[in-house]
Amino acid sequence: MKKTAKSSTKGAKTSNSELDSRVNAIDSKLTDGISALKSELTQLKQKGSKSAVNNYDYLQKRIEDFEAEMKSCFNELKLAIEKNSTENELFKDKYFRNIYGNSLIFHGIKNNSGKEDLQKEMCNVIATYNLMENFTPSNINYCYRMSAKNNVIKTTTVVVNFVNKWVRDSIFQLKRNLKGSKIFIAEMLTKDKLDLLTLVKEKFEAKQCWTYNGEVFVLKNNQKTKITCETDVYKILDIDTENEKVSVNSSEDENDERDDLEAQSSGNSK
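Following UniProt numbering, the numbering of the sequence shown begins with 1 at its first residue and continues without gaps.
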């Protein structure tokens, strides 16, 4: 695993170096091109003759060609940067899952004073809430508290890394058994995914948001949507806004029709 991660990192660095070289090459070409055009414009202005006027169309064509070439270069570069960024994100996610893919976060674990056997304590939690039958310390690779123990904090957060993903997934699927207790389970997320989940919770109701296998999901209008970036969040919000506008306009049209019918009925009665 370490060998794969190392080679992937090296590839990412090479890609970034290539992009830097291309940016510098385009910048140099752009600077030289603009300087040459400015020089020709200066000479054209100094001549002020019929030949200068005739050369204007030629110069304008050169400027347009140069502009088109630069746009093409920058578009290619933009696509390369986006591709590189996507590959880096995929690499980070894969690397994170290799390390934390079998882990879960337990919030609200009692902070015992003095020396403790945290593995045994977590086994008791899992057994007490029927999260898995016949669970033993051998099902845990390691576990640790995310904050230092002290007498002030009554509960802390504990990270548990299980021996395999099957054990981890089985426990996560039964997290509803913790309902009514002060303990709840969450997945380990990258910082980007955690920030994304925070945004989603700000924009939607808590019961509409959840994570699964490190991905963020939203249930809106009976439709499950995977959220990969902020843009996905605002797309859903924009759709809701458009639907609200349509609903308001429909109601206004219905009211107008009702008013017209009432006016017509009143006129006929007269």
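Backbone N, C-alpha and C fix where the C-beta goes; we use that ideal spot for every residue, glycine too.
None of these values were measured; they are calculated from a predicted model.
With 16 or more other CB atoms across the displayed protein chains lying within 10 angstroms of its CB, Asn139 is buried. Under the three-state reduction of DSSP output, Thr86 falls in the helix class.
For Val158, the closest of Lys83, Asn134, Phe135 and Ile183 by C-alpha to C-alpha distance is Ile183. At a cut-off of 3 residues, the continuous stretches assigned as beta strand (DSSP E) that sit fully inside the segment 186-219 are 209-212. By the Cβ criterion, the segment 200-210 is not in contact with the segment 122-131, since fewer than three pairs of Cβ atoms, one from each stretch, lie closer than 8 Å. Residue ranges of uninterrupted alpha helix (DSSP H) with 4 or more members, entirely inside the segment 140-177 and ordered along the chain, are 165-173.
Bounds of the beta strand (DSSP E) holding Lys226 are Gln223 to Ile227. For Ile109, the enclosing beta strand (DSSP E) starts and ends at Ser103 to Lys110.
Checking the DSSP bridge columns, you'll see Phe184 partnered with His107. Cβ contact annotation for Leu30 (same chain, cutoff 8 Å, sequence separation greater than five): Met70, in chain order.
With fewer than 16 neighbouring CB atoms inside 10 Å of its own CB, Thr42 falls in the exposed class. Residue state for Met132 is assigned as coil, using DSSP reduced to three classes. Asn112 places its beta carbon 8 Å or farther from that of Thr155.
The alpha-carbon separation between Ser35 and Leu79 amounts to approximately 28 Å.
For the pair Asp238 and Glu215, the Cα-to-Cα distance works out to about 22 Å.
With a cutoff of 8 Å on beta-carbon distance, Leu77 and Ile153 are scored as not near each other.
Here Ile227 is not near Ile105, since their CB atoms are 8 Å or more apart. Distances from the CA of Cys229 to each of Leu196, Asn177, Lys165 and Met132 were compared; the closest alpha carbon is that of Leu196.
Assignment of Glu40 by DSSP, reduced to helix, strand and coil, places it in the helix class. The criterion of a C-beta distance shorter than 8 Å is satisfied by Leu37 and Ile63.
If the five residues before and after Leu174 are omitted, its C-beta is found closer than 6 Å to the C-beta atoms of Leu131, all from its own chain and listed in chain order.
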